[in-house]
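Numbering (the numbering used here), first residue to last: 40 to 378.
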Ligand SMILES: [Zn+2]
């Protein structure tokens, strides 16, 4: 099969890789219908994350089941499935509490490489959710979004306690930030402040429910959010970036007693003093996308949401190198790859 491999920073190639096969009785093999490049794939691409090269790439995927191991009970060949970027058993105590991203048996799908024609999915019964039927082609991008960016944005909004009567500030206008806006809107949030400087992204944010746009960053951005909220700060803020600046902006924009949801990726250093005086709730981490998948698939299936719009560049798999370049240079919000 063909699959993407990263040979080092800035060097992505699509090459012949060995076909995956059932290794454990709980595995499934799927034929990938669509995959994509994640913002977190850009960390190794930019040399910000050490790796053993060459590394298979990609952890977002939808596809059709080809084969299942002998212990798989709920997933069958021929089904169209959506999975999360963590394989999880969905039965351990942590999973049952809704934190499948920290499942005691979790496996990082990125290590298996979803930017490929075929993919092995461990713990298939726990990881995969089947759609009611094979979806129409135009629905595939939205189902793919559920695999990571939508689920992550949704978790960020839930972690930030977004909802009726609340004002939420969203730091970050990448795919996750924009979908956190969509999620906050669906959760009934009264006012959604999108912090963005790029016009095309502001437009999508508004379409998905943003009521206000703040272009300022840092202390000025915090001051602007306070100005919009009677001097108090937002009830909720979302850090959908994961840099020091973004995290401090989210905490600074939140009123005492409020909630910050953080789903960015880079290590951030927080001082005890900042935390003490901010008096906010902090919750985030690796998104338990699996918790939300049944609900998100239903919203997409009934065409109530259209998160697939974040894929503003769609390329065949063999052009994966260009997919990475376009996202690295911020020419694309998110690139979809079709094997
Ligand atoms: Zn588990």
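By construction, the Cβ of each residue, glycine as well, lies at the ideal position given by its N, Cα and C atoms. Since this is a predicted model, take the numbers as computed values, not measurements.
Tell me where the alpha helix (DSSP H) around residue 413 begins and ends.
-> Past the edges of the chain, shown from 40 to 378, lies residue 413, and the structure says nothing about it.
What is the rounded straight-line gap between the Cα of residue 169 and the Cα of residue 119?
-> 6 angstroms
For residue 293 versus residue 299, is the C-beta distance shorter than 8 angstroms?
-> yes
Span separating the alpha-carbon of residue 271 from that of residue 150 | Taking the straight line joining both Cα atoms gives about 44 angstroms.
Alpha carbon to alpha carbon, what distance is there between residue 202 and residue 166?
-> 28 angstroms
May I ask you to list the residues that DSSP assigns as paired with residue 69?
-> Residue 69 is bridged by DSSP to 104, 158.
What residue does the alpha helix (DSSP H) around residue 166 start on, and which one ends it?
-> 163-166
Would you mind stating whether residue 67 and residue 97 have Cβ atoms separated by less than 8 angstroms?
-> no
Member of 163, 189, 114, 49 whose CA lies at the smallest distance from the CA of residue 327 = 189
Is it the case that the CB of residue 77 approaches a heavy atom of ligand 1 more closely than 7 angstroms?
-> Result no, Cβ not under 7 angstroms from ligand 1.
CA-to-CA distance, residue 145 to residue 123, given in whole angstroms | 11 angstroms
Are residue 380 and residue 192 close, meaning C-beta to C-beta below 8 angstroms?
-> One cannot answer for residue 380 here, as it falls past the ends of the chain, which runs 40 to 378.
Are there three or more Cβ pairs, one per stretch, closer than 8 angstroms when the stretch 245-254 is compared with the stretch 218-232?
-> yes
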